[in-house]
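Student: Quick one: structure below, then a few questions.
Protein chains: 2
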Amino acid sequence: MNLKQLSHMLALSQTTVSRALNGYPEVNEETRRRVVDAAKRHGYRPNPSARRLATGKTGMIGYVLPTGASVDIDPHFVEFLSGLGDYARSHELDLVLSPADADDQETTYRRIVANRQVDAVYISSPRPADRRVALVNTLGIPFIVHGRSDGFDFDYPFTDIDNEGAFHEAARLLVQLGHRRLALINGDDRETFAIHRERGMRRALAASGLALGERHVCSVTMTEENGYRAARRLLEQSEPPTAIACSSLIMSLGVVRAVRDLGLTIPGDLSLIAHDDVFPWLKPENFSVPLSTTRSSIRLAGARVAERLAARISGLEEGARGEVWPVDLVVRGSVAGAPT
Amino acid sequence: MNLKQLSHMLALSQTTVSRALNGYPEVNEETRRRVVDAAKRHGYRPNPSARRLATGKTGMIGYVLPTGASVDIDPHFVEFLSGLGDYARSHELDLVLSPADADDQETTYRRIVANRQVDAVYISSPRPADRRVALVNTLGIPFIVHGRSDGFDFDYPFTDIDNEGAFHEAARLLVQLGHRRLALINGDDRETFAIHRERGMRRALAASGLALGERHVCSVTMTEENGYRAARRLLEQSEPPTAIACSSLIMSLGVVRAVRDLGLTIPGDLSLIAHDDVFPWLKPENFSVPLSTTRSSIRLAGARVAERLAARISGLEEGARGEVWPVDLVVRGSVAGAPT
DNA sequence: AGAGTCTTCCAAAGCGCTTTGGTCTTTTTG
DNA sequence: CAAAAAGACCAAAGCGCTTTGGAAGACTCT
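Chains as they are written, first to last, in our numbering: chain R, 1 to 340; chain Z, 341 to 680.
Here it is as structure tokens:
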């Protein structure tokens, strides 16, 4: 059932039927009702291929997915996707993932924009002065950055959490508890979120006349194994930290294992705070010693990004407003006063 | 730069240019070279919207993503996606995720097929007599099932791993080691993979005159917390199992925690074997006691599914061939002879 | 040499929608 | 009451590609 057939059986022109269906004003209300009714009754659905050829609108949002044999997709992605998908569903949007060589995403961005394959894109895990942000900004396609990319002379729309504030608070708490030697097990420090977290922590320490020693900060991809290694390295130093802030729950698993292997205890010998993106399958309160966290649902962020993308597509949102969500500090058993 | 312009500047018809570019035979080789050359030089790229309107081909493969506030996307998904994306990239395929109400995916399948939004789809986490499989089969769109859906009177193409064989082998090993009371912590037993694993285990036990007691099998969604709970329930029984097979590494985390909480040890009091889908961020060899596993890379499966989808789209693959991959049994420190 | 066969190319008809630029009534306005 | 404005509808021109149904010329064959 296509427009032609439908309009023929209504004895109307395609123009009128199209307009009636798309809510244009120049059509009699009575006629519109007839059309809408008939369309529903016959299950008419405009062919999206035709529509997009005519309008350029696709009803899809895009994401360039870095791939490669040695490229691992971040497990956070799936939670973000849950939120995004949930919102997208309710607004009849689809998501297209365009796999790209991790070292050459630009080609893919250019392709999906030139081909008008999607109405908008989002960018995640941005780095400072991220080329993707600059590119997408000049290409002129609506976009939202999940996270932030510092160091541009232009503004852009983003949704981020207050990573700096979160780790500032975490460190401040630890310092208040008497800790003097803190350490940070961070994610990849080429990414903005990691930089912000480190900055937040340094700021909190500086406020008490302390510093984050070079040997007290690690930057690794967030796996259990790397958490373990980092923790061992930190704790086997001559002056080991008495408190660690850790950028992910997954790495924390490794930290806990290292602590145990070394015959130490949490929080007796070491206080631990980790960032929690709120996975349904791994919860900080269930750690053998319940883990204190800085918590922010990445799923909610996904939904929010989708919402903003939809708003930008339909022209409801404009400008380069960035929004920063506060992060909760949730104190559980894994922190205590510094050992004496 | 579109076809019209390009053909005009070559003083050829759109027909010829189109055919030259698409490798049709009825065009002079010399002419083809000219055309291909000019196309490359001017960076001509056929508009996909137009092409799909004309041909119906989209260059996209589809996946219906169940969503909802209470629906969690399986973390395995992201690994599967890595493999799929990696293959898709090298073949210029995009992936479109169509979010759907988890309780009504049929509407979405019908939509994407009716609208010709994708060239093929894949289905994951199938259940016995899964409605999606039957639906997609009658709708006539090329598809591959990742996993299996038993109980149909028709054949369909799938790629699955030998879940039954894997757990059969795992159980057999445990029995050989003298274990008599085995337990299974399984995934959602409405899904085929879980059913197959349980069946494999029962078969192995039966071969030695043993059985899997009703109170020795749990079926839960695969989270750390559920692994913990299941393990506690099993181990606090009057006749606790001396060995457990577990359907996922994530649940195993919980099992290990439970064992520790109960003051037991692995493998002294309990032998443990888990299924490992090969996550980069959580490795069985790094468990405090290295975990024995049945191993099969879900990422490879993703790549294979993409490969088969591509083959079906281009007509290279036909028929309903199902393939079943063997699973490796990797023995590490978490298994030992039954306690006496 | 005329009929048949390739080879190589083209004009034009879709694909199914949106949108421009009308036309024909009916209503409002000065 | 004539002129202007508004209302309701339509024919046809795109959007940019693929594909059908030739056609013109070169070649082969008897």
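Glycine is no exception: its CB is placed at the ideal position from the N, C-alpha and C atoms.
Quick caveat: nothing in here was measured; it's all calculated off a predicted structure.
Please tell me whether Z:MET562 has its Cβ less than 8 Å away from any Cβ of chain R.
Tutor: It does: the Cβ of Z:MET562 has a partner Cβ on chain R nearer than 8 Å.
Student: Measure the C-alpha to C-alpha separation of Z:PRO439 and Z:PRO406 and round it to an integer number of angstroms.
Tutor: Distance between the alpha carbons of Z:PRO439 and Z:PRO406: 6 Å.
Student: Kindly indicate which residue of Z:PRO580, Z:GLY363 and Z:PHE417 has the alpha-carbon position closest to the one of Z:GLU554.
Tutor: Per the Cα distances, Z:PRO580.
Student: Decide if Z:GLY540 is buried, meaning its Cβ has at least 16 other Cβ atoms within 10 Å, or exposed.
Tutor: Result: buried.
Student: Check whether the segment 342–354 of chain Z touches the segment 311–319 of chain R, taking contact to mean three or more Cβ pairs, one atom from each stretch, closer than 8 Å.
Tutor: No: the two stretches stay apart, fewer than three of their Cβ pairs being nearer than 8 Å.
Student: Please state whether the Cβ-Cβ distance between R:ALA303 and R:LEU84 is less than 8 Å.
Tutor: Yes. Within cutoff.
Student: Quickly, what does DSSP pair R:SER292 with across the bridge? List them, please.
Tutor: BP columns for R:SER292 point to R:ILE273.
Student: Span of the beta strand (DSSP E) holding Z:PRO439?
Tutor: Run containing Z:PRO439: 434–441, per the beta strand (DSSP E) assignment.
Student: Could you name the residues that DSSP lists as bridge partners for R:HIS146?
Tutor: DSSP output for R:HIS146 lists R:SER124 and R:THR159 as bridge partner(s).
Student: Quick check on Z:VAL595: does DSSP put it in helix, strand or coil?
Tutor: Residue state, collapsed to three classes: helix.
Student: I'd like to know whether the C-beta atoms of Z:LEU433 and Z:ILE401 end up nearer to each other than 8 Å.
Tutor: Yes. Within cutoff.
Student: Residue ranges of each alpha helix (DSSP H) run of no fewer than 4 residues wholly in the segment 368–417 of chain Z, ordered along the chain?
Tutor: Qualifying alpha helix (DSSP H) stretches, in chain order: 369–381 and 388–395.
Student: For R:ALA205, which residues from the same chain have a beta carbon less than 8 Å from its beta carbon, with the 5 sequence-adjacent residues on both sides left out?
Tutor: Reading off the sequence, residue 205 of chain R comes out as Leu, not Ala. Hits under 8 Å: ALA171, VAL175, LEU182, ALA211 and LEU212.
Student: At which residues does the beta strand (DSSP E) containing R:VAL113 begin and terminate?
Tutor: Segment 106–114 is the alpha helix (DSSP H) holding R:VAL113; no beta strand (DSSP E) there.
Student: How would you list, in chain order, the residues of chain Z whose beta-carbon sits under 7 Å from the beta-carbon of R:ALA88?
Tutor: Going along chain Z in sequence order, the residues near R:ALA88 (Cβ under 7 Å) are PRO439.
Student: Using DSSP bridges, identify the partner residues of Z:SER559.
Tutor: Answer is Z:ASN526, bridged to Z:SER559.
Student: With distance defined between alpha-carbon atoms, name the residue in R:GLU236, R:GLU191 and R:HIS91 nearest to R:LEU264.
Tutor: Considering only alpha carbons, the answer is R:GLU236.
Student: Which of the residues in the segment 40–51 of chain R, read from start to end, lie with their CB under 8 Å from any CB of chain Z?
Tutor: Answer set for the segment 40–51 of chain R: ARG45, ASN47, PRO48, SER49 and ALA50.
Student: Excluding five sequence neighbours on each side, which residues of the same chain lie with their C-beta closer than 7 Å to the C-beta of R:ASP269?
Tutor: Closer than 7 Å at Cβ, skipping near neighbours: PRO339.
Student: Using the beta-carbon count (16 or more within 10 Å), is R:THR55 buried or exposed?
Tutor: R:THR55 comes out exposed.
Student: Can you check whether the CB of Z:GLU564 is closer than 8 Å to the CB of Z:GLY703?
Tutor: In the structure displayed, chain Z extends from 341 to 680; residue 703 of chain Z sits before or after that span and is not available.
Student: I believe Z:PRO482 touches Z:LEU649 by the beta-carbon criterion, under 8 Å. Please report the beta-carbon distance rounded to the nearest angstrom.
Tutor: Rounded, the Cβ-Cβ distance is 7 Å, consistent with contact.
Student: Using only the alpha-carbon positions, how far apart do R:PRO128 and Z:ASN362 sit?
Tutor: Approximately 42 Å, taken between the alpha carbons.
Student: Would you call the segment 146–163 of chain R and the segment 128–137 of chain R in contact, with 3 or more CB pairs under 8 Å?
Tutor: Counting Cβ pairs under 8 Å, three or more are found: they touch.
Student: Could you tell me whether the Cβ of Z:GLN457 comes closer than 8 Å to any Cβ of chain R?
Tutor: Yes, because at least one Cβ of chain R sits closer than 8 Å to the Cβ of Z:GLN457.
Student: Quick check: the segment 623–636 of chain Z against the segment 662–676 of chain Z, are there 3 or more CB pairs under 8 Å?
Tutor: With the cut-off at 8 Å, the segment 623–636 of chain Z and the segment 662–676 of chain Z touch.
Student: Rounded to the nearest angstrom, what separates R:GLU191 and Z:GLU658 at their Cα positions?
Tutor: Distance between the alpha carbons of R:GLU191 and Z:GLU658: 45 Å.
Student: Would you say the segment 108–123 of chain R touches the segment 243–260 of chain R, given that touching needs at least three Cβ pairs under 8 Å?
Tutor: Touching, no, given that fewer than three Cβ pairs across the two stretches are closer than 8 Å.
Student: What are the residues that DSSP puts in a beta bridge with Z:GLU584?
Tutor: The identity of residue 584 of chain Z in the sequence shown is Ile, whereas the question assumes Glu. Per DSSP, Z:ALA523 and Z:LEU612.
Student: How about Z:ILE413: is its C-beta nearer than 8 Å to some C-beta of chain R?
Tutor: Judged by the 8 Å Cβ criterion, Z:ILE413 is in contact with chain R.
Student: May I ask which residues mark the beginning and end of the beta strand (DSSP E) holding R:GLY322?
Tutor: Unbroken beta strand (DSSP E) run through R:GLY322: 322–325.
Student: Please go through the same chain and pick out, in chain order, the residues whose beta-carbon is closer than 8 Å to the beta-carbon of R:THR341, but skip the five residues on each side of it.
Tutor: Since the first and last residues shown for chain R are 1 and 340, residue 341 of chain R lies out of range.
Student: Could you check which residue in Z:SER548, Z:ASP616, Z:LEU602 and Z:GLY567 has the C-alpha nearest to that of R:LYS283?
Tutor: Cα-wise, what sits closest to R:LYS283 is Z:GLY567.
Student: If you reduce the DSSP assignment to three classes, tell me which class Z:LEU622 lands in.
Tutor: In this structure, Z:LEU622 counts as strand in the three-state DSSP scheme.
Student: Which two residues bound the contiguous beta strand (DSSP E) that contains R:LEU329?
Tutor: Looking at the DSSP string, the run of the beta strand (DSSP E) that includes R:LEU329 is 328–330.
Student: Taking CB distances under 8 Å as the criterion, tell me whether R:LYS57 reaches chain Z.
Tutor: No, R:LYS57 lies away from the interface with chain Z (no Cβ there is under 8 Å from its Cβ).
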